[in-house]
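A.B. asks: Sending over a structure as structure tokens; questions will come in a sec.
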Amino acid sequence: MATQKVLTPAQATHPGVLIKDELDAIPDLNQRILAKELDVHPSFLNEIIKGKRPVTADIAILLEKIFGISADYWMKFQSQYEIDKARVKQKNIKKVRNIELWSIIKEYVPVRYFKKHHYLNDDLERDIKTIMNIYEVETIDGLVSSFSNDRFAYYRKSNKLKIDDKNMFAWSSLAQYEAKNQKTNTFNFDNLNQLCKNLNNIFYENSGTPKRVKSVLNQFGIKMLLIDKLEKTPIDGFSFWSDKNPAIALTLRYNRIDNFAFTIIHEIGHIDLHLRNDKDIKFMDLTSKQKLDKCETEADNYAHQKLIPNDIWQDILDNHLPLNDDKIKDLGDKHRIHPAILLGRVCYEGDYYAMKTTIDKKMR
């Protein structure tokens with residue numbers, strides 16, 4: 065049997081209000097006369113009307129005779145007042161407690177970001193529950209502990225990057241929260257080579273690219289999320305395991321096909337090489353020129369090879385140097401590789417990113 069929702073009034077209504085209404089409605093009756101009929105002092109009656117004294121059983125019987133309103137009704141009115149008063153008190157205590165919790169939450173959570181993206185709606189109790197769900201904690205202590213101890217074990221830091229820990233924690237938590245809400249096909253590691261081929265065709269065509277990439281990743285059982293970046297969150301990609309599927313989250317900090325393609329395949333590299341045997345590890349890749357660890361180097365090499373197979377790259381080095389825009393475009397058409405991806409590899413290998421070019425890098 066479903067339980068009925070109990071509504072708590074803004075304030076409890078004392079039966080003295082009804083006495084006053086009756087007095088106002090009867091021209092020949094006032095508080096002094098009523099007090100005499102009730103055989104009580106006028107000040108005693110005034111305190112009942114003002115809600116400072118209860119309507120007792122004796123008073124209820126007398127009110128029944130004077131106003132024709134049953135004693136049972138007066139007693140139920142008084143009883144409901146006591147219940148409502150207790151509920152209002154509890155509600156106010158809870159409200160104060162929620163305000164205290166929210167003041168702590170704001171120290172660890174970028175509230176404005178979540179409001180901007182419509183996760184919060186200014187209902188304090190519901191907003192607290194939403195934050196707990198996003199951050200996968202049950203208490204405020206759990207939020208503080210998670211922020212303090214576990215938040216960034218999975219990304220490589222750099223002293224050169226300006227990072228806001230609160231914003232990074234929010235972004236990664238939101239990515240994992242949204243991944244849990246996303247449904248996709250069954251994942252199979254054996255299909256990753258075909259997935260990369262399909263993705264390369266999308267990158268080469270570069271039309272409706274993010275939407276098409278998400279669709280094909282979902283088809284192959286990988287969740288994909290685009291999470292708006294926050295200030296001082298220099299994230300390119302984030303790969304992790306979400307329930308029974310791997311997931312990739314991106315910020316699209318740069319609207320460039322070469323950056324987007326490399327990040328996607330780089331994260332697939334983490335899935336293929338590292339998440340295969342460890343579903344608890346997470347990889348958050350930040351935009352930075354820095355010394356990479358073994359896993360990041362392996363994921364980089366994976367992306368290079370999947371985007372431009374080694375035999376094609378070696379042929380370019382052996383037979384097509386020096387490269388210019390026309391050569392890059394011709395080679396791109398020949399091998400169905402977007403010229404911006406080829407150009408990106410050239411710049412990377414030569415550590416020369418100031419190369420003048422007319423090649424369009426914009427993702428479409």
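Residues 65 to 428 in this note's numbering are what the sequence shown spells out, letter by letter.
By construction, the Cβ of each residue, glycine as well, lies at the ideal position given by its N, Cα and C atoms.
Whole-angstrom Cβ separation of PRO79 and VAL119, contact assumed at under 8 Å?
C.D. replies: As a first step, residue 79 must be located in the sequence shown, where it is residue number 15. As a first step, residue 119 must be located in the sequence shown, where it is residue number 55. That belief holds up - the Cβ atoms of PRO79 and VAL119 are roughly 5 Å apart, short of 8 Å.
A.B. asks: As a quick exercise: from TRP235, THR250, THR194 and LYS370, pick the residue whose alpha carbon is nearest that of HIS399.
C.D. replies: As a first step, residue 399 must be located in the sequence shown, where it is residue number 335. It is LYS370 whose Cα lies nearest to the Cα of HIS399.
A.B. asks: I'd like to check one pair, ILE321 with LYS393: are the Cβ atoms closer than 9 Å?
C.D. replies: On the sequence shown, residue 393 is found 329 positions in, with the first residue counted as 1. On the sequence shown, residue 321 is found 257 positions in, with the first residue counted as 1. Their beta carbons are not under 9 Å apart, which means LYS393 does not touch ILE321 by this criterion.
A.B. asks: Measure the alpha-carbon distance for TYR193 versus THR250 and round it to whole angstroms.
C.D. replies: The sequence position of residue 193 within the sequence shown is 129, counting from 1. The sequence position of residue 250 within the sequence shown is 186, counting from 1. It should be noted that the sequence gives Lys, not Tyr, for residue 193. In a straight line, the C-alpha of LYS193 is about 31 Å away from that of THR250.
A.B. asks: Can you tell me which of LYS343, ILE329, LEU381 and ILE168 puts its alpha carbon nearest to the alpha carbon of GLU360?
C.D. replies: Along the sequence shown, read from residue 1 onward, the residue named residue 360 stands at position 296. Measuring from the Cα of GLU360, the nearest candidate turns out to be ILE329.
A.B. asks: Whose C-alpha, out of LEU93, TYR366, HIS334 and TYR268, is nearest the C-alpha of TRP305?
C.D. replies: Position 241 of the sequence shown, counted from the start, is the residue given in the question as residue 305. Of LEU93, TYR366, HIS334 and TYR268, the residue nearest in Cα terms is HIS334.
A.B. asks: What is the DSSP secondary structure of LEU281, reduced to helix, strand or coil?
C.D. replies: In the sequence shown, residue 281 corresponds to position 217, counting from 1. LEU281: helix per DSSP, three-state reduction.
A.B. asks: Indicate whether PHE253 and ASP229 have their beta-carbon atoms separated by less than 9 Å.
C.D. replies: Reading the sequence shown from its first residue, position 189 is the one you call residue 253. Reading the sequence shown from its first residue, position 165 is the one you call residue 229. Contact flag unset, no.
A.B. asks: What ranges does the beta strand (DSSP E) occupy inside the segment 342–404, keeping only unbroken runs of at least 3 residues that lie completely in it?
C.D. replies: Counting whole runs of 3 or more residues, the segment 342–404 contains the beta strand (DSSP E) stretches 347–350.
A.B. asks: Can the beta-carbon of ARG276 be found closer than 9 Å to that of ILE266?
C.D. replies: Within the sequence shown, residue 276 is the residue found at index 212, counting from 1. Within the sequence shown, residue 266 is the residue found at index 202, counting from 1. Contact flag set, yes.
A.B. asks: Under a Cβ-count criterion, where at least 16 other Cβ atoms within 10 Å of its own Cβ denotes burial, should GLY206 be classed as buried or exposed?
C.D. replies: Here residue 206 corresponds to residue number 142 of the sequence shown, with the count starting at 1. Label assigned to GLY206: exposed.
A.B. asks: Could you give the DSSP three-state label for ASP228: helix, strand or coil?
C.D. replies: For the purposes of this step, residue 228 is identified with residue 164 of the sequence shown, where counting begins at 1. It is coil, neither helix nor strand.
A.B. asks: How should ARG409 be labelled, buried or exposed, when 16 other C-beta atoms within 10 angstroms of its C-beta is the threshold for buried?
C.D. replies: Sequence index remark: in the sequence shown, residue 409 carries index 345 (1-based). Buried, by the Cβ-count rule.
A.B. asks: Can you pull the DSSP bridge partners for LYS287?
C.D. replies: For this step, residue 287 is matched to residue 223 along the sequence shown. For LYS287, which the question treats as bridged, DSSP gives the partners ALA311.
A.B. asks: SER303 lies in the alpha helix (DSSP H); which residues open and close that run?
C.D. replies: Numbered from 1 along the sequence shown, position 239 holds the residue referred to as residue 303. Element bounds for SER303: not the alpha helix (DSSP H) but the beta strand (DSSP E), 299–306.
A.B. asks: Measure the alpha-carbon distance for ARG220 versus LEU294 and round it to whole angstroms.
C.D. replies: Within the sequence shown, residue 220 is the residue found at index 156, counting from 1. Within the sequence shown, residue 294 is the residue found at index 230, counting from 1. The predicted position of ARG220 is uncertain, since its pLDDT is 46 and thus under 50; a value taken from the coordinates is nonetheless stated next. In a straight line, the C-alpha of ARG220 is about 18 Å away from that of LEU294.
A.B. asks: If distances are taken between C-alpha atoms only, which option among TYR145, ALA121 and LYS180 comes closest to SER134?
C.D. replies: The sequence position of residue 134 within the sequence shown is 70, counting from 1. The shortest C-alpha separation from SER134 is found at ALA121.
A.B. asks: From LEU256, GLU269, THR297 and ILE291, pick the residue whose C-alpha is nearest to that of ASP281; which is it?
C.D. replies: For this step, residue 281 is matched to residue 217 along the sequence shown. It should be noted that the sequence gives Leu, not Asp, for residue 281. Closest option to LEU281, Cα to Cα, is LEU256.
A.B. asks: Are the beta-carbon atoms belonging to ILE169 and VAL175 less than 9 Å from one another?
C.D. replies: Residue numbering aside, residue 169 sits at position 105 when the sequence shown is read from its first letter. Residue numbering aside, residue 175 sits at position 111 when the sequence shown is read from its first letter. Yes, they are a contact pair.
A.B. asks: For the candidate residues LEU127, GLU200, MET139 and ALA89, whose alpha-carbon lies nearest to that of LYS100?
C.D. replies: For the purposes of this step, residue 100 is identified with residue 36 of the sequence shown, where counting begins at 1. With distances taken between Cα atoms, LYS100 lies closest to LEU127.
A.B. asks: Could you tell me the alpha carbon to alpha carbon distance between GLU242 and LEU259, rounded to whole angstroms?
C.D. replies: Taking the first residue of the sequence shown as 1, we reach residue 242 at position 178. Taking the first residue of the sequence shown as 1, we reach residue 259 at position 195. Roughly 23 Å between the two C-alpha positions.
A.B. asks: State buried or exposed for ASP300, treating a residue as buried only when at least 16 other CB atoms are found within 10 Å of its CB.
C.D. replies: As a first step, residue 300 is located in the sequence shown; it is residue number 236 there, counting from the start. Per the 10 Å Cβ criterion, buried.
A.B. asks: For LYS426, list the residues DSSP reports as bridge partners.
C.D. replies: For this step, residue 426 is matched to residue 362 along the sequence shown. ARG320, per the DSSP bridge assignment.
A.B. asks: So, at 7 Å on beta carbons, what are the nonlocal neighbours of PHE178 in its own chain, with the 5 sequence-adjacent residues on each side left out?
C.D. replies: Taking the first residue of the sequence shown as position 1, residue 178 is located at position 114. Around PHE178: LEU184.
A.B. asks: Helix, strand or coil for TYR241 per DSSP?
C.D. replies: Here residue 241 is taken as the residue at index 177 of the sequence shown, counted from 1. It is helical.
A.B. asks: Compute the minimum distance between the beta carbon of LYS293 and the heavy atoms of the ligand ATP, and state whether it is under 8 Å.
C.D. replies: Of the ligands one can find in the structure shown there are none, so the ligand ATP has no counterpart to examine.
A.B. asks: Would you report the Cα separation of LYS226 and SER303, rounded to the nearest angstrom?
C.D. replies: Position 162 of the sequence shown holds residue 226. Position 239 of the sequence shown holds residue 303. Going from the Cα of LYS226 to the Cα of SER303 covers about 22 Å.
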